[in-house]
Each structure stands twice: as C-alpha cells, then as structure tokens.
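First to last, the sequence lines map onto chains A and B.
Numbers 1 to 292, taken from our numbering, label the letters of the first sequence in order.
Numbers 1001 to 1412, taken from our numbering, label the letters of the second sequence in order.
A virtual CB, placed ideally from N, CA and C, is assigned to each residue, including glycine.
The structure appears right after this line, and notes come after that.
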Amino acid sequence: MRVTSEMMAANSVRRLSSRLQQYERVQSQLATGRRVLRASDDPSSAGRAMTLRTQLRANDQALRNAGDARAWLEVGDGKLQTAVQRLHRVRDLAVRGANALGASERNALALEVSSIREELRSIANSRYRGRPLFGGTGDADPVDPAGAVVDDGGAVTRRIGDATGEVVTVNVLASDAFGTGADSLFVRLDELETALKSGDDAGITAAIGHIDTARERLGTQLATVGATMNRVESADQRLTDIRLTLRGELAQVQDVDMAEAVVELQTQEVAYQATLGAIGRALPPSLVSFLR
Amino acid sequence: MSNSVGLYTSLTGIRAAQIGLDTASNNVANANTAGYTRQRVELRDRPPYASAIGPLGTGVDVVTVRRLRDAFLDTRLRTTTAGAAGEQARAELLGTVEAITGEPDAGISVELDQLWDAFEDLTLEPTSPAVKQQVVSALQSVADRINGVSAGWTALEADAIERRAAGIDEVNALVTAIEDINRQVEIPDPGNEPVDLQRFPLPNQLLDERDRLLDRLVELTGTGVTRNNDRTVTLPDPLDPVAGGELGGVERFLTTDLATARTQLDAFTTELVAQLNGAPGGQTLLDGTAGSLTVPITATALLAGDTAVGAYDTTYAEALAGLRNGTPAAELRTLVTGIGQRVASAERSAAAQSELVHAAQMARRSAHGVSIDEEMISLVSYQRALEAASRVMTTIDQALDVLVNRTGVVGR
C-alpha cells in the first residue's frame, strides 16, 4: 500500500491519542479507587452495586434500631427489678404483720406498705423519653391514684433483621406487669394495708398469696425482657457480620484492585514512553535531504 | 523541413517538462492541504507527420493535468464517516443524560436511601419534632433531585435541538455552495463520447473544493451522492437532513433515547408518589410529576401513626419505612441500568465505527495523498527531461546554424 507522510503523521496522532486514553482511564481508576464510576462502565455491576448499597443502608438502620431496642429493654429491666425488690420488702412486712403484734406496730407496717405502694405506682408510671414506659403507645399514665391499671395495649416494636424480617417487642405493658381490675397489684396492696390496720390475719395471709402471684407475674415479664435482650444482642452480632460481608461484596463489584491498578499504571506508562519513542522516529527524512 | 520540425519537437518537450515541474511543485506545496488530491501530468505523443520515409513523430502533447481521485474510496469513506458521526453524536448526548442523573454517588438513589432511613428514625421517635422535620427535609431532597434531573434533561433537549438547527443551517449552506460549483464546472450536452479536454479542461481545484463540501455534507446528513457525466453531482431532492449522519444521530437521540429515558423517569416518579401517598395513613407526602414535584405536608402535620390508637403509634411510619424494598427502588434501578446499557452500547458502536472510518481514511489518503518522495523523483526526472530537451534544441539550433550560415559560402 502506498504510504504518504501525511498518513504516517495521522496514524501517529491516532496511536498517541489511544495510548493516552488508556493511561487516563487507569489513572482515574486509581485516583477514585473505583472501577465502576458511572453505570455505563459496567451496567450489570452498577445495578448490583445499587442493590448492595440499599441493603447496607438498611443494615445500618437495623443496627441503630437494635441499639435503641437495647436501651428500652435495659430501662424496663431496671424498673421491674426494683419493683420485685420492693415487693419482697412488702412480703416481709406482711409476714411480720401476720404474727400478732400490737396495733401501733401494725399501723407502722401499714404505713410502710402504703409508701411502698406509692413507690410502685410511680415506677409503673415512670416515663422514658417523655412517654409512659409501661403505657403501650398511649400518652396517659397507666396507673391512676386509685390503683386502676389501664394501658392501650400497644406494642413498641423494633426491626432488628433485614428489611422484612425479625421484629421484636421492646416494651412491657402495665396490665401484664401489674395486673388489672380487682387483681391489680395496687388493689391488692390496698387490701393488705387495710388488713394490717385492722389486724385481719386471714386477710393478711390472703394478701401474701396475692403478693406472691404479683411477684411471679413480674418475674415472667422480667424473663421475657431477658429473652428479648438476648435476641437483640445476637442480632447485633449478626448485623455487624452481615455489614462486613456486604461491604466486601460491594468492594468486589465496584472497587478497583489497588495492586492490580498500580501495576497496570506502570505498564501504561512504559507503553506510552515506547509509543512516544516510536513516533519520534515516525517521520523519517525524505528524499529531499538526499538530492543535491 | 525536418529540422524545423525537430526544433518544434524539442519545444514541445521543454513545455511538457515545464508543466511537469509546475505540477510537481504544486503537489509539494499542497502536501498538507486537507482534501487535496495529487495531480499528474498526462502526456500523449503528437500525431506523426507524413515524411518521405514514412510517419515521423512530432513531439509530446500535454493532454491535461488530472487529479488521481478514486470515487469509490470517496463513497466508502463518506458512508463510514456518516455512520460514525451519528453514533458519536448519540453516544455524547447519552453520556450527558447519564451524567445528569448523577448516579451512583449523587443521584436520586442516595436521597431515597436517606428518606427510608428518616422514616425508620420516625418509628423510633414518633413524636419528636426534630425527626419529623428530618423526614420532611428528606422528602424535599428527593423531590428536588428528581426535579433537577428532569430540568437537566430539558436543558439538554434544548441544546440538542439547537445543535440540530445549526446543523441544518450548515447543510443548507453546503448544498448552495455545491450547486454553485456544479454550475461552474458543468459541461453542456456531454453525450457519450469522451470529453474534449482542450475545450473543457479539468477544473481540479474546484473539483477538490466540491469534494471537501460533499465530505462535510455526507458527514452531517448521510445522504447519497450521484455523479453525472457532465461533471456535476446530484443530491437527493428534497434532502432530508436528519435521515443519517451526525444530524441523524442527534435526531435519533431526541426522538428515541431521550423520550425513553423521560418515560422511565415519569413511571418511576408516578410509582413513588403513588406508593408514598397510598401508604397507611393516606398522608399526601409528594405531589406532582417529575419536574414539578412538591412536598405539601409540613413537619407539624406529619403523623407517625394513628393517634386514635395511641399517641406513640408508629404504624404509618413502619409502613413507609417498609417501602425501602418496594417497587420504587426497583424501578429506579431499571432506569439507571437501562440508561447505562444504552450509553455503553452507543459508545462501543461509536468506537467500532471509528475504526472503520480510520481504515477508510487511510485507504483514501494512500490513493489521493502526496508522497514527498514521489514528487522529488518526479522533479528530478522532469528536470533532466528539461535539460535534455534544451540540449536537443541547442543541438538542432547549432546544426541549423551550420546549414543556414555556413553552407554555400564557398568563395565568400
């Protein structure tokens, strides 16, 4: 094929430009750390990367939810433990009251029972972040001064799994913990107080039985809270592991292998130098220089 | 008689050599001129005269200076250039469409992820004014981003339309110029015999100019060109400027690619608005279509749940947070990967076409281009021919001189 100097010049320009393009591509990959910068670099990988990113965000949110759940459960646990201890004290008082004592001693016991009843009432009405801890999803105090227990039955749930799974209930309802209606703890404590004041031994004995029932009820709730705590902690661990896996997969899909890219950059640099050298010799002297 | 014929013969030799030198110097001067075709002198020996001993030659005639142009290579290059220009234009415009979406780092998907997170934070703190404000801000960001993409595409469409209009103006100017040259080079009534090149010498420079104009015209429109044997070219009438070539690529982008992308964006937006507004609670969170989305709800009016059930109920917020895995996210993925695939395929196509163009261009340059070495050799041979012809003339002159001045002077 007939070759003219114009052709050689045009070819040189084209080769140089193509070399530079490749060099630039590797450079920008190294600078950004990413193999896939726009969707068109690798459309299927880009789609996968979008899915993974969404999953990562959902996972991070679940971790936040788990932390929030743990806080709820710990507060509830603390309050219930305190309540159990105070009930234990009440039982002691009741047992002492059952042993025939003088009126003034029984009155003193009744007074202490009354004050513990108020303490328990304020525990039942305690607030967490401005809302009633044992009140479900309502805003009203679950235990009124008369001792009636009313909550709206709502459950406070937290998502601690992937976006569609694992939801835990983190609250305890006052009706479950303290009983309702005639069997409510506060009604029973009122009865104990009355029995102590009046020296009603049978009444005191009955009250002790009811206090035991109340303690069991609280114990059941504590067990539930404990079990939920365990679930939340294992979920926490699992979510952290999943986060690592997702992050690794995302890196594989969209990030560039640094070591590989550095080697590639070196190769491109050498190739570019070689191209420049070849082009430097591309336009050989023409016949003009040789004719006298 | 034969001697003066010999003089005249050497004169024709000198003239031919001079024209050869002129042509070679013209070629060398135009070695780097774009679209210049190398020229060659065509020589023919003159008709002989009938002498006493038979026909004797009378020298050389310069028939013409002809451009060594290969019309087939022209057609091949123009066709491939038209295809490549169209694909290149389309790939460029599609690349801008993709850049405007800003995915994956600064696009709608980022704002959507933040929105789902904000809804979930609302389930943790259903009555917090700060969290509610966060939700409304996230909604506003999503609306702004979608509107931004739509506005960006509208601006791009306006640019492309302007580009097409400017291209059409250029096409009109080119057609006028080509017709102008046609008028200048036209041979009336050529018939079927070869053209008499003495009466109608080849207008090489005009023909080169017309070929340059045709190159550009075909690059822009991909039109076909018919050569006639009266030295004119005929273009299709009416000439559709957007049927192919660069303008065809722009047109394809406007009518197909951009329209498809817009339809997908609208579908995604409609789905998102429907899902958000149709969630339990029936709160109108987003209103409008892509390009004019608004957030009608305020932070104080936003409800996390049904207050009739409880002040801290979170059913609405939970349902909204659950949309993270719903159809809007999937539709957005389809939109983004769809655009990505189209851009990638247009770029690949443009690159492949560009290789074809380069090959055709090299072939054409090989046939039409000036090789300095060849011209040097031409120069040297014409120079020698000139020297030789001058020498012949001198010789004949001296012979004549003897005949004229020194014959028959016996006794003088």
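When 9 Å is used as the limit between beta carbons, A:Arg247 is near no residue of chain B, the shortest such separation being about 15 Å. Sorting B:Thr1012, B:Val1062, B:Pro1328, B:Ser1004 by C-alpha distance to the C-alpha of B:Leu1386 places B:Thr1012 at the top. By the C-beta density criterion, B:Gln1039 is buried, having at least 16 other C-beta atoms within 10 angstroms.
Using a Cβ-Cβ cut-off of 9 Å, A:Arg25 does not count as an interface residue toward chain B, since no Cβ of chain B sits closer than that to its own. Our two residues, A:Ala46 and B:Thr1101, have alpha carbons roughly 14 Å apart in a direct line. Contact note: A:Gly154 reaches chain B through Val1309, Gly1310, Tyr1312, Asp1313, using a C-beta cutoff of 8 Å and chain order. Following the DSSP letters along the chain, one finds A:Ala71 in no beta strand (DSSP E) but inside the alpha helix (DSSP H) bounded by residues 43-98.
Closer than 7 Å at the C-beta level to chain B, one finds no residue of the segment 256-276 of chain A. Annotation: the continuous beta strand (DSSP E) that includes B:Pro1055 extends over 1054-1056. Of A:Leu30, A:Leu276, A:Arg15, the smallest CA-CA separation from A:Val263 is found for A:Leu30. Nearest Cα to B:Ala1091 within the set B:Arg1348, B:Ile1396, B:Arg1324: B:Arg1348.
When the beta-carbon positions are compared, B:Ile1161 and B:Ala1290 stay at least 9 Å from each other. In the three-state scheme derived from DSSP, where H, G and I count as helix and E and B as strand, B:Val1343 is classed as helix. Per the coordinates, the alpha-carbon of B:Pro1201 lies some 9 Å from the alpha-carbon of B:Val1195. Annotated as proximal: A:Asn59 and A:Leu239, with beta-carbon spacing under 9 Å. Relative to the Cα of B:Asn1277, the nearest Cα in the group B:Arg1231, B:Gly1244, B:Asp1230, B:Pro1328 belongs to B:Pro1328. Considered as a whole, the segment 1241-1327 of chain B harbours 1245-1252, 1258-1278, 1315-1322 as its complete alpha helix (DSSP H) runs of no fewer than 4 residues, in chain order. Judged by DSSP secondary structure, B:Val1149 falls outside any beta strand (DSSP E) and instead within the alpha helix (DSSP H) spanning 1129-1185.
Residue contact with chain A for B:Pro1280: absent (no Cβ-Cβ distance below 9 Å to any residue of chain A). At least one C-beta of chain A is nearer than 9 Å to the C-beta of B:Leu1332. At a cut-off of 9 Å between C-beta atoms, A:Pro145 does not count as an interface residue with respect to chain B.
Within 9 Å of the CB of A:Glu74, no CB atom of chain B is found; the nearest one sits about 15 Å away. Beta-bridge partners assigned by DSSP to A:Arg38: none are found. Here A:Val13 is exposed: its Cβ has fewer than 16 other Cβ atoms, across all protein chains shown, within 10 Å. Residue contact check for B:Ile1100 against chain A: no CB pair falls below 9 Å. The beta-carbon of B:Gly1249 is placed no less than 9 Å from the nearest beta-carbon of chain A. Taking 9 Å as the cut-off, the Cβ atoms of A:Met8 and B:Ala1363 do not count as close. Its chain contains Phe1119, Leu1122, Thr1123, Ala1304 as the residues whose beta carbon lies nearer than 6 Å to that of B:Ala1317, once the 5 sequence neighbours on both sides are disregarded; these appear in chain order. Apart from sequence neighbours up to five positions away, the residues of its chain that approach A:Met229 with a beta-carbon distance below 6 Å are Leu73, ordered along the chain. When DSSP reads this structure, A:Pro132 sits in a beta bridge with A:Arg127. In the displayed model, B:Glu1042 falls within a strand according to three-state DSSP. By alpha-carbon distance to B:Gly1281, the top candidate from B:Leu1258, B:Thr1255, B:Ala1308 is B:Ala1308. Counting along the chain, A:Ser289 sits inside no alpha helix (DSSP H), nor does DSSP assign it H or E at all.
Of B:Leu1302, B:Ile1187, B:Arg1163, B:Asn1182, the smallest CA-CA separation from B:Val1242 is found for B:Arg1163. For B:Val1065, the secondary structure class from DSSP, reduced to helix, strand or coil, is strand. Contact of A:Met50 with chain B by beta-carbon distance below 9 Å involves Glu1103, Pro1104, Ser1109, Ala1329, Leu1332, Arg1333, Val1336, Thr1337.
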